Amino acid sequence: MVEQSIWMQKVAADPGHSTWYIERFRAMARAGDDLAGEARLVDAMVSRGARILDAGCGSGRVGGALAEAGHDVVGVDVDPALIEAAEQDHPGPRWMVGDLAELDLAARGVTTPFDAIVCAGNVMAFLAPSTRREVLKRFRAHLAPGGRAAIGFGAGRDYEFGDFFADAAAAGLEPDLLLSTWDLRPFTDDSSFLVALLRPA
Ligand SMILES: C[S@@+](CC[C@H](N)C(=O)[O-])C[C@H]1O[C@@H](n2cnc3c(N)ncnc32)[C@H](O)[C@@H]1O
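In this text, residue positions in the sequence shown follow my numbering: the first is 11, and each later residue adds one.
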């Protein structure tokens, strides 16, 4: 057993948390908000019909958009309520309940590695801190040759960017490109958000 994710600790403390989150994104979708910015970046990183893992997929907005763009998407999230919402709102991808710290998709019948892994929406900051490095190792293990991971999270969430880079290096991942937004602004020392495109070292 791994340490419980911060997200599931929140759910345990507030059983309405998942429903609140699901409804928040449904309301934004109804309002016509742009919920596919991360997916557009990842779509530009890969060939057509690529294999993409949406790691910490939540209710499926990123993986759903990538599937609509023609990619073969698997989404994994630790929160069963969010996976149920992803199945309802974004049919097509394979949505699976699981903790990223225990990610072993081959053991669950998903044997083809991924051209890209997308980990959007501050997932890294919702992991149990003791599992961060292990999650990055598992990302590395699920990448196809030439594959890359796109990981985005904000500053001020108790996971310093420097610690993240150290964890990534220990996991065998190195920066391919560092951005501060999903619409391709460069990362600087002052950036309050990081979008790290990582490749196997
Ligand atoms: C803010 S949501 C972002 C969801 C989605 N990536 C998006 O951007 O719409 C954070 C997500 O991280 C997931 N998460 C946190 N820790 C996790 C873990 N250890 N394994 C899998 N998912 C995790 C939560 O369940 C939640 O869905």
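Positions of the beta carbon are idealized from the N, C-alpha and C atoms, including for glycine. Nothing here was measured: the structure is a model prediction, and the numbers come from that model.
Its chain contains GLY47 as the residues whose beta carbon lies nearer than 7 Å to that of ASP193, once the 5 sequence neighbours on both sides are disregarded; these appear in chain order. Per DSSP, the continuous alpha helix (DSSP H) segment holding ASP173 begins and ends at 171-180. Residue burial annotation: PRO196 is exposed, with fewer than 16 other C-beta atoms found within 10 angstroms of its C-beta. Relative to ligand 1, PHE136 has its C-beta within less than 6 Å of a heavy atom. Take the alpha-carbon of THR141 and the one of ALA181: they are about 12 Å apart.
Excluding the 5 residues flanking it on each side, MET106 has same chain C-beta neighbours closer than 6 Å at VAL86, in chain order. Bounds of the alpha helix (DSSP H) holding TRP30 are 27-40. For LEU183, the uninterrupted beta strand (DSSP E) segment begins and ends at 183-189.
Per DSSP, the beta bridge partners of LEU207 are ALA160, LEU187. For LEU63, the enclosing beta strand (DSSP E) starts and ends at 61-65.
A straight-line Cα-Cα distance of about 6 Å links LEU63 and ALA126. The closest heavy atom of ligand 1 lies 6 Å or more from the beta carbon of ALA75. Beta-bridge partners assigned by DSSP to VAL84: LEU63, ARG104. In this structure, LEU92 has its CB closer than 6 Å to one or more heavy atoms of ligand 1. In this structure, ASP168 has its beta carbon at no less than 6 Å from each heavy atom of ligand 1. For PHE124, DSSP records a beta bridge to LEU153.
Inter-residue distance for ALA154 and PRO123 is about 5 Å (C-alpha atoms, whole angstroms).
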